[in-house]
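See structure below.
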Amino acid sequence: MSTANLLRSEYGWKLSGAFNETHLAVLLLAAQDLSAFAEAQAPGSGEIWMRRRLAPVHFHLGGLPQWVVTRVAAHAMSVVFPRRDVWLNKNFLTLPNPRHHIVHELAHVLDNRLGPKTLPAAIFGGGPADRLAREMGGAPRGMRYSNGACGIPPVNRWAESAGGGYGNHASAEYFAETLAWAVYYPSNLPNPTMMNWLKANVFYR
């Protein structure tokens, strides 16, 4: 079975764009990493959780939303828009940890899936990213992709060693970085209680 078909059959993920085998291998490894992490949080239900929360997800390599966001930000970006579509930067393989990047983007999908049914939580709020920011002492307002540290106290903010502190840029990014670092390098989490928070608010919901 091809990697693309495996991603479709095992995880319900769709693909659009000129993905090569290296791209697909990274997607598959990220899926397996997140599935194993979900299994560790909720034994016996990792694969079920992946299907329930992250299927269907549609991955695009490049595309108009990614181009627009990159132009606005003035540097290459990936974006989730509107809810379950992940528009990947075509050069995501050059990032320090491409699998971390995939899980980060999937966290935005989760924020939308676990948030209100009306508007995407990763943009307008109401999902687990808001709850995590409040749990860590913040008060998220405004556009969730550009609302800064939201009053989260310095003790609970991301260190520069954790991806340059990218999670401090917005409440949506704070949540996405929490999931990604929890999967790949949990010692970088600003507060160790975040692991239990994820278990209760993401994997047992």
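Numbering (the working numbering), first residue to last: 254 to 458.
Quick reminder that beta carbons are idealized off the backbone N, C-alpha and C, glycines included.
What you are looking at is a predicted structure, and each value in this text was computed from that prediction instead of being measured.
- Positions of the alpha helix (DSSP H) runs, each at least 4 residues long and wholly inside the segment 315 to 368, are given as 317 to 326 and 351 to 366 in order along the chain.
- For residue 302, the enclosing alpha helix (DSSP H) begins and ends at 299 to 307.
- Residue 422 is not bridged by DSSP to any residue.
- Residue 372 carries a coil assignment under DSSP once its states are collapsed to helix, strand and coil.
- With contacts defined as CB atoms closer than 9 Å, residue 412 and residue 441 qualify as a contacting pair.
- For residue 345 and residue 268, the gap between their C-alpha atoms comes out near 15 Å.
- For residue 377, the closest alpha carbon among the candidates 425, 270 and 437 is that of 425.
- A straight line joining the alpha-carbon of residue 383 with that of residue 443 spans about 17 Å.
- Sequence-distant partners of residue 313 (beyond 5 residues in either direction) whose C-beta falls short of 6 Å from its own C-beta, in its chain, are 269, 270 and 340.
- A contact between stretches requires three or more CB pairs, one per stretch, nearer than 8 Å, and the segment 363 to 379 fails this requirement with the segment 296 to 303.
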